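Engineer: Under this note's numbering, the residue at position 84 of the sequence shown is numbered 100, and the numbers go up by one with no gaps. We put the beta carbon where it would ideally sit given N, CA and C, even for glycine. Here the structure is a predicted model, which means the values were calculated and not measured. One structure follows; several queries about it will come next.
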Amino acid sequence: MRQLLAATLAVRRRLPLVRYFTMPGDIEDTPWRRIHEAALANGDRTYTDPATGYTVFTELSHLDREYCCGNACRHCPYNQENVGKPEQLKQQAREARQRKAARKKNK
17 MRQLLAATLA VRRRLPLVRY FTMPGDIEDT PWRRIHEAAL ANGDRTYTDP ATGYTVFTEL
77 SHLDREYCCG NACRHCPYNQ ENVGKPEQLK QQAREARQRK AARKKNK
């Protein structure tokens, strides 16, 4: 779990985060920001959005997948690079499955 959290922080330093609001104050004051940070600190992979009641994936979930799923997720650490790019998404998903299979085989 500590390795995944360290990976989250490393990705945050490398990639610019996608912002969903136009005003900087809106970014700072989002109700889910503190909830997401608390979920990350606890190693949680999801949290419940207080405004909608929806279950939201944290960055840890996305990092575990190892690629952008293309669904424009709120906490995508991959800068939503596969949104609207189904062929690129398929390729990255295939590569991630191969990496995971190789790691499993080497254990």
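Out of P66, T68, A67, V72, which one is the CA nearest neighbour of D60?
Structural biologist: With distances taken between Cα atoms, D60 lies closest to V72.
Engineer: What residues in its chain sit with their C-beta under 7 Å from that of T46, if we drop five residues either side in the sequence?
Structural biologist: Excluding sequence neighbours, T46 sits near nothing in its chain.
Engineer: Answer yes or no: do A117 and Y83 have a C-beta to C-beta separation smaller than 8 Å?
Structural biologist: Against a cut-off of 8 Å, the Cβ pair of Y83 and A117 comes out as no contact.
Engineer: Using beta-carbon positions only, say whether Q114 and N98 come within less than 8 Å of one another.
Structural biologist: Cβ atoms of Q114 and N98: not closer than 8 Å.
Engineer: For a quick check, are the C-beta atoms of T68 and H52 less than 8 Å apart?
Structural biologist: Going by C-beta atoms, T68 is not nearer than 8 Å to H52.
Engineer: Considering only C-alpha positions, which residue in the set L76, G100, N122, D65 is nearest to N58?
Structural biologist: Minimum Cα distance to N58 is reached at L76.
Engineer: Kindly give me the distance between the Cβ atoms of L124 and G86, rounded to whole angstroms, as I take these residues to be in contact under 8 Å.
Structural biologist: For residue 124 there is no data in the structure shown, the boundaries of the chain being 17 and 123.
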